[in-house]
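Enquirer: Quick one: the structure is below, questions incoming.
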Amino acid sequence: MARSSSRSEAAVERRGLIGPFTGRQIATALAVLVGVALLLAALTAPIATPGATPAPEPGASFVAFGEAIEGLQPGQRAPELAGTVDGRTVELLDLDGRPIRLADLRGRPVWINFWATWCPPCQEETPTLQKIHERYTEAGLALVAISVQESTVEDVRAYAETYGLTYTIGFDATSAVFTTYRAYGLPTQLFIDREGIVRATWNGPLSEEQAASFVEPLLAE
């Protein structure tokens, strides 16, 4: 009987074995492997670059770069299209490297549009800008679309050529003008009267009708 009992105990032990290991040993090893895999994933995950261009949310109508800040207000004088980088003044340049100065546009209503080629709501708004430019430029409107957060001026030029854009486009390479105008997302709109005073602002894209409702009163003055 003692011998039979020993055989039964041995059978139980064998049923708990998987190869040369017990089930408990294998479960412990698997837990360790899972922990190591999770640690490696955390260590090798990419870290977001500070100041990197944000990925737009699907269907977003305004692409913000951070916390909302108070921008320029109606009644304030619009600053020059320039900014400061490392202690030096940086002017806004067009796609051919020529300076764009608000002072040179005095006497004309100005629509400033901050945008980017990669920004979905800006892309949707592009036809509106071209149509408003074509409709009101002879009446005196100056449309200045300021591209920010772009890789190269060639990217912006290619976009303009692809869509046949004929209005003035500025390349804000360092976002200095974007900062001067206290913008925090795209697209951002400012409407400036003939005397250089901000009359209206808008965050987000505009339809042709909305844009006309901002432009026409300024042209009528």
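At position 221 of the sequence shown (counting the first as 1) the number is 378 in our numbering, and the numbers step up by one without a gap. The beta-carbon is built from N, C-alpha and C at its ideal position, and this holds for glycine as well.
Rounded to whole angstroms, what is the Cα-Cα separation between glutamate 366 and threonine 246?
Expert: Here the question's residue 366 lines up with position 209 in the sequence shown. Here the question's residue 246 lines up with position 89 in the sequence shown. Spanning the two alpha carbons is a distance of roughly 37 Å.
Enquirer: What are the boundary residues of the alpha helix (DSSP H) that threonine 283 is part of?
Expert: As a working mapping, residue 283 is identified with position 126 in the sequence shown. Taken as a continuous stretch (DSSP letters only), the alpha helix (DSSP H) holding threonine 283 covers 277-293.
Enquirer: Which residue from Ile349, Ala368, Asp251, Tyr338 puts its Cα closest to that of glycine 228?
Expert: Counted from its first residue, the sequence shown places residue 228 at position 71. Checking every option, the nearest Cα to that of glycine 228 belongs to Tyr338.
Enquirer: Once DSSP output is grouped into helix, strand and coil, what is the label at aspartate 329?
Expert: As a first step, residue 329 must be located in the sequence shown, where it is residue number 172. It is coil, neither helix nor strand.
Enquirer: Can you round the beta-carbon distance between isoleucine 257 and glycine 327 to whole angstroms, since I take them to be within the 8 Å contact cut?
Expert: Indexing the sequence shown from 1 puts residue 257 at position 100. Indexing the sequence shown from 1 puts residue 327 at position 170. With 8 Å as the limit, isoleucine 257 and glycine 327 qualify as a contact, their Cβ atoms being about 5 Å apart.
Enquirer: Among Pro277, Asp329, Leu300, Gly264, whose alpha-carbon lies nearest the alpha-carbon of tyrosine 368?
Expert: In the sequence shown, residue 368 corresponds to position 211, counting from 1. The sequence given here places alanine at residue 368; tyrosine does not occur at that position. Ranking the options by Cα distance to alanine 368, first place goes to Leu300.
Enquirer: Could you tell me the distance, in whole angstroms, from the CA atom of alanine 239 to the CA atom of aspartate 329?
Expert: Against the sequence shown, residue 239 aligns to sequence position 82. Against the sequence shown, residue 329 aligns to sequence position 172. If I take the Cα positions, the gap works out to 9 Å.
Enquirer: Just the C-alpha distance for alanine 377 and alanine 296, rounded to the nearest angstrom, thanks.
Expert: For the purposes of this step, residue 377 is taken as the residue at position 220 of the sequence shown. For the purposes of this step, residue 296 is taken as the residue at position 139 of the sequence shown. Cα to Cα, alanine 377 sits roughly 9 Å from alanine 296.
Enquirer: What are the partner residues of isoleucine 354, as DSSP defines its beta bridges?
Expert: Here residue 354 refers to the residue found at position 197 of the sequence shown. Answer is Arg234, bridged to isoleucine 354.
Enquirer: According to the neighbour-count rule (16 or more other Cβ atoms, all chains shown, within 10 Å of its Cβ), is tyrosine 321 buried or exposed?
Expert: On the sequence shown, residue 321 is found 164 positions in, with the first residue counted as 1. The amino acid at residue 321 is misidentified as tyrosine; the sequence shows glycine. Under this definition glycine 321 is an exposed residue.
Enquirer: Helix, strand or coil for glutamine 346, going by three-state DSSP, please let me know.
Expert: Reading the sequence shown from its first residue, position 189 is the one you call residue 346. Looking at glutamine 346 - three-state DSSP - the assignment turns out to be strand.
Enquirer: So glutamate 224 is in the alpha helix (DSSP H); what residue range does that whole segment cover?
Expert: Within the sequence shown, residue 224 is the residue found at index 67, counting from 1. Per DSSP, glutamate 224 belongs to no alpha helix (DSSP H) and is neither H nor E.
Enquirer: Indicate the three-state DSSP secondary structure (helix, strand or coil) for arginine 263 in the structure shown.
Expert: Position 106 of the sequence shown, counted from the start, is the residue given in the question as residue 263. In the structure shown, arginine 263 sits in coil (DSSP, three-state: anything other than H, G, I, E or B).
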